[in-house]
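Colleague: Chains as they are written, first to last, in our numbering: chain A, 1261 to 1487; chain B, 1261 to 1487. Beta carbons: idealized from backbone N, C-alpha and C, even for Gly. Note that the structure is a prediction, hence the values are computed from the model and not measured. Here you go, one structure.
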DNA sequence: GTCTATATCGGGATAGAC
DNA sequence: GTCTATCCCGATATAGAC
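And the structure:
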């Protein structure tokens, strides 16, 4: 059935196990066992466990981010210099992720759950790598959003983008986290419904009234005890 | 300076290391080293590494959730049966967490970062424990929100609550995650500003227009290939 | 390129003196 | 209640036959 080569089998097995257990808790023995390949194959094909981890991310992330950039560029070309609607921008960025997350068969769902979690706690050796993969995309989408929401300060947009990433991460990890708080699970199996729910939530958040921020002190947030 | 007993020193050190590295990657030797206690002390005081992990969560979580319940009950008593404003409810639930997260000195911040991440990927032996700790709180807040938003279906509220948890988690993990996507960091050091930003985002999301959901099929989402 | 066998290391846990 | 010393296991990685 799965007629792929050793290298691919290892990557698939690793992806799944990393998602279920994290890198640290996953052993090469588990991976090679699940992939039905020899223990030594990992070091032969990837050189080390860390290199394997990086490759698990790389093969999907570069593709995902390329999709996002292409879509955004297409929309911007269509608009011919006019700002895009926020909903369109979110649709491209998060839609790509949700689409991948909806791919239960091909392992996309597994990967997105892994990504969401890793993102919050990047082990030192993944952090630099992730930053590199994301740099271009974030820059472009941030710019598009700023242009799209002239009334909203760039800093606020950035934070809201960050919050949205969090919401998406939890949305995708759904089953994992929901069953903690929800005694009886709710659907979770309908990607389209999830997509619609998340988008409306995000748009609501993105367009919310600006928070009333107290004028921030130049630097010293705490007055010295001597008045 | 830190004049606390062995047990407390171990808990503090473990909390910090777990947050930085995860449980799996953290060794008892690191913990006892950082706490400046003997290696055998962990097993003496807690029985096992797993029990230590649970205790790290328990000591802060029960307190946090008690605070939430007390606050909510106080508000509900004040209102005398009338529904609460959504903003008040969110303020209680997330405010308690953010307040704890703002406590840089006492380790509250560290703990909340740990919690946010664990929540998405509960190791089997923590999941049951977390569910138990949360059951009562979630039930009460869910009920309050449903009462507070008569126009919104309970299922939608549940999802939005879930999204909000994700947003908060990322908000608190701020530095960790932001520096991945943001080449140059943004403030992140101002808890009050973060609080205000997050609240306005969440309220916007919670009150967003309902998503247009296609009537969901009874069960078979995929038609059989035989027409 | 795939296997077996093994080197080397560091993990959690415990026994038993103090 | 705290220490030292140690057991036992399973981890990554590699050497070398096939």
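With 8 Å set as the bound, which would you pick, yes or no: does the beta-carbon of residue 1482 of chain B sit closer than that to a beta-carbon of chain A?
Modeller: Locating residue 1482 of chain B in the second chain gives position 222, where the first residue counts as 1. Only weak support exists for where residue 1482 of chain B lies, its pLDDT of 49 falling under 50; the coordinates are left without a value.
Colleague: Run through DSSP, which three-state label would residue 1272 of chain B get?
Modeller: Sequence index remark: in the second chain, residue 1272 of chain B carries index 12 (1-based). In the structure shown, residue 1272 of chain B sits in a helix (DSSP, three-state: H, G or I).
Colleague: Mind pulling the chain B residues with CB within less than 7 Å of residue 1419 of chain A?
Modeller: For the purposes of this step, residue 1419 of chain A is taken as residue 159 along the first chain, with counting starting at 1. Near residue 1419 of chain A (Cβ distances below 7 Å), the residues of chain B are 1457.
Colleague: Looking only at C-alpha atoms, which of A/1387, A/1390, A/1389 and A/1424 sits nearest to residue 1402 of chain A?
Modeller: Position 142 of the first chain, counted from the start, is the residue given in the question as residue 1402 of chain A. The shortest C-alpha separation from residue 1402 of chain A is found at A/1424.
Colleague: Quick check: what's the CA-CA separation for residue 1344 of chain B versus residue 1420 of chain B?
Modeller: The residue you call residue 1344 of chain B lines up with position 84 of the second chain. The residue you call residue 1420 of chain B lines up with position 160 of the second chain. Going from the Cα of residue 1344 of chain B to the Cα of residue 1420 of chain B covers about 17 Å.
Colleague: Measuring CB to CB, does residue 1405 of chain A end up less than 8 Å from residue 1471 of chain A?
Modeller: As a first step, residue 1405 of chain A must be located in the first chain, where it is residue number 145. As a first step, residue 1471 of chain A must be located in the first chain, where it is residue number 211. No, the Cβ-Cβ distance between residue 1405 of chain A and residue 1471 of chain A is not below 8 Å.
Colleague: So which of A/1398, A/1370 and A/1467 has the shortest CA-CA distance to residue 1317 of chain A?
Modeller: Against the first chain, residue 1317 of chain A aligns to sequence position 57. Nearest option by C-alpha distance: A/1370.
Colleague: Please list, in chain order, all residues of the same chain as residue 1303 of chain B whose beta carbon is under 7 Å from its beta carbon, the five residues on each side excluded.
Modeller: Here residue 1303 of chain B is taken as the residue at index 43 of the second chain, counted from 1. So no residue of the chain qualifies.
Colleague: Mind listing, in chain order, the continuous alpha helix (DSSP H) runs of no fewer than 4 residues lying wholly within the stretch 1308 to 1365 of chain B?
Modeller: Counting whole runs of 4 or more residues, the stretch 1308 to 1365 of chain B contains the alpha helix (DSSP H) stretches 1309 to 1339 and 1346 to 1362.
Colleague: Using 10 angstroms around the beta-carbon of residue 1265 of chain B, count the other beta-carbons present and answer buried if the total reaches 16, otherwise exposed.
Modeller: Here residue 1265 of chain B refers to the residue found at position 5 of the second chain. Classification of residue 1265 of chain B: exposed, given that the 10 Å Cβ count is below 16.
Colleague: For residue 1284 of chain A, name the three-state secondary structure that DSSP assigns.
Modeller: Here residue 1284 of chain A refers to the residue found at position 24 of the first chain. Looking at residue 1284 of chain A - three-state DSSP - the assignment turns out to be coil, as it is neither helix nor strand.
Colleague: Give the C-beta separation of residue 1275 of chain A and residue 1350 of chain A to the nearest angstrom, bearing in mind that I take them to be a contact with Cβ-Cβ under 8 Å.
Modeller: One-based indexing of the first chain puts residue 1275 of chain A at position 15. One-based indexing of the first chain puts residue 1350 of chain A at position 90. About 27 Å; that fails the 8 Å criterion.
Colleague: For residue 1451 of chain B, report the span of its alpha helix (DSSP H) as first-last.
Modeller: On the second chain, residue 1451 of chain B is found 191 positions in, with the first residue counted as 1. Where residue 1451 of chain B is concerned, the enclosing alpha helix (DSSP H) stretches over 1451 to 1466.
Colleague: Which residues of the stretch 1303 to 1316 of chain B have a Cβ closer than 7 Å to any Cβ of chain A? Give them in chain order.
Modeller: Going along the stretch 1303 to 1316 of chain B in chain order, one finds no residue with a Cβ nearer than 7 Å to chain A.
Colleague: Could you check whether the Cβ of residue 1372 of chain A sits closer than 8 Å to any Cβ belonging to chain B?
Modeller: Sequence index remark: in the first chain, residue 1372 of chain A carries index 112 (1-based). So no, residue 1372 of chain A is outside the interface.
Colleague: Here's the rule I'm using: 16 or more other beta-carbon atoms within 10 Å means buried, otherwise exposed. How should residue 1364 of chain A be labelled?
Modeller: By one-based count along the first chain, residue 1364 of chain A stands at place 104. When all chains shown are included, residue 1364 of chain A counts as exposed.
Colleague: Pull up the distance between the alpha-carbon of residue 1298 of chain A and that of residue 1268 of chain A, whole angstroms please.
Modeller: Stepping through the first chain from its first residue, residue 1298 of chain A is reached at position 38. Stepping through the first chain from its first residue, residue 1268 of chain A is reached at position 8. Straight-line Cα distance between these residues: approximately 14 Å.
Colleague: Give me the chain A residues within the contact set of residue 1346 of chain B, using Cβ-Cβ distance strictly less than 8 Å, ordered along the chain.
Modeller: Locating residue 1346 of chain B in the second chain gives position 86, where the first residue counts as 1. Here the premise fails: no neighbours, minimum Cβ distance about 12 Å.
Colleague: Would you kindly report the start and end of the unbroken alpha helix (DSSP H) that includes residue 1397 of chain A?
Modeller: Here residue 1397 of chain A refers to the residue found at position 137 of the first chain. Counting along the chain, the alpha helix (DSSP H) containing residue 1397 of chain A begins and ends at 1384 to 1408.
Colleague: Under 7 Å Cβ-Cβ, which residues of chain A neighbour residue 1468 of chain B?
Modeller: For the purposes of this step, residue 1468 of chain B is identified with residue 208 of the second chain, where counting begins at 1. Simply 1460, 1461, 1463 and 1464.
Colleague: Here's the rule I'm using: 16 or more other beta-carbon atoms within 10 Å means buried, otherwise exposed. How should residue 1300 of chain B be labelled?
Modeller: As a first step, residue 1300 of chain B must be located in the second chain, where it is residue number 40. Exposed, because fewer than 16 other Cβ atoms sit within 10 Å of the Cβ of residue 1300 of chain B.
Colleague: Would residue 1361 of chain B and residue 1432 of chain B be called neighbours here (beta carbons separated by less than 8 Å)?
Modeller: Taking the second chain and counting its residues from 1, one reaches residue 1361 of chain B at position 101. Taking the second chain and counting its residues from 1, one reaches residue 1432 of chain B at position 172. Their beta carbons are under 8 Å apart, which means residue 1361 of chain B touches residue 1432 of chain B by this criterion.
Colleague: Just to confirm, are residue 1464 of chain A and residue 1465 of chain B a CB contact at a threshold of 8 Å?
Modeller: Counting from one through the first chain, the residue named residue 1464 of chain A turns up at place 204. Counting from one through the second chain, the residue named residue 1465 of chain B turns up at place 205. The answer is yes: Cβ separation under 8 Å.
Colleague: Give the DSSP-derived three-state secondary structure of residue 1376 of chain A in the structure shown.
Modeller: Locating residue 1376 of chain A in the first chain gives position 116, where the first residue counts as 1. Three-state DSSP puts residue 1376 of chain A in a helix.
Colleague: DSSP on residue 1264 of chain B, reduced to helix/strand/coil?
Modeller: Here residue 1264 of chain B refers to the residue found at position 4 of the second chain. Residue 1264 of chain B falls in the coil class under three-state DSSP.
Colleague: Beta-carbon within less than 7 Å of residue 1277 of chain B's beta-carbon, same chain only, minus the 5 sequence neighbours each way: which residues are those?
Modeller: Translated into the one-based positions of the second chain, residue 1277 of chain B becomes position 17. 1286, 1290, 1291 and 1294, listed in sequence order.
Colleague: What does the alpha-carbon distance come out to for the pair residue 1455 of chain B and residue 1339 of chain A?
Modeller: On the second chain, residue 1455 of chain B is found 195 positions in, with the first residue counted as 1. On the first chain, residue 1339 of chain A is found 79 positions in, with the first residue counted as 1. Approximately 36 Å between the Cα atoms of the pair.
Colleague: Between residue 1471 of chain A and chain B, is any beta-carbon pair separated by less than 8 Å?
Modeller: For the purposes of this step, residue 1471 of chain A is taken as residue 211 along the first chain, with counting starting at 1. Chain B contact via Cβ: present.
Colleague: List, in order along the chain, the chain B residues whose C-beta lies closer than 7 Å to that of residue 1438 of chain A?
Modeller: As a position in the first chain, residue 1438 of chain A is number 178, starting the count at 1. Within chain B, the residues near residue 1438 of chain A are 1422.
Colleague: Could you tell me which of A/1453, A/1327, A/1392 and A/1473 sits nearest to residue 1458 of chain B, measuring between CA atoms?
Modeller: As a working mapping, residue 1458 of chain B is identified with position 198 in the second chain. For residue 1458 of chain B, the nearest C-alpha among the options comes from A/1473.
Colleague: How big is the Cα-Cα spacing for residue 1352 of chain B and residue 1399 of chain B?
Modeller: Numbered from 1 along the second chain, position 92 holds the residue referred to as residue 1352 of chain B. Numbered from 1 along the second chain, position 139 holds the residue referred to as residue 1399 of chain B. For residue 1352 of chain B and residue 1399 of chain B, the distance between alpha carbons rounds to 14 Å.
Colleague: By the three-class DSSP mapping on this structure, what secondary structure does residue 1433 of chain B have?
Modeller: As a first step, residue 1433 of chain B is located in the second chain; it is residue number 173 there, counting from the start. Looking at residue 1433 of chain B - three-state DSSP - the assignment turns out to be coil, as it is neither helix nor strand.
Colleague: What span of residues does the alpha helix (DSSP H) with residue 1472 of chain A cover, start to end?
Modeller: For the purposes of this step, residue 1472 of chain A is identified with residue 212 of the first chain, where counting begins at 1. Here residue 1472 of chain A belongs to no alpha helix (DSSP H), and DSSP marks it neither H nor E.
Colleague: Give the interface partners of residue 1362 of chain A over in chain B, defined as CB-CB distance under 7 Å, in chain order.
Modeller: Working through the first chain from its first residue, we reach residue 1362 of chain A at position 102. Chain B residues near residue 1362 of chain A: none, gap ~11 Å exceeds 7 Å.
Colleague: May I have the straight-line CA-CA distance separating residue 1468 of chain B from residue 1438 of chain A, to the nearest angstrom?
Modeller: As a working note, residue 1468 of chain B is residue 208 in the second chain. As a working note, residue 1438 of chain A is residue 178 in the first chain. So the two alpha carbons sit approximately 21 Å from each other.
Colleague: Strictly under 8 Å for the Cβ-Cβ distance: is residue 1278 of chain B near chain A by that measure?
Modeller: The residue given as residue 1278 of chain B occupies position 18 in the second chain. For residue 1278 of chain B, the answer is no, since every Cβ of chain A falls outside 8 Å of its Cβ.
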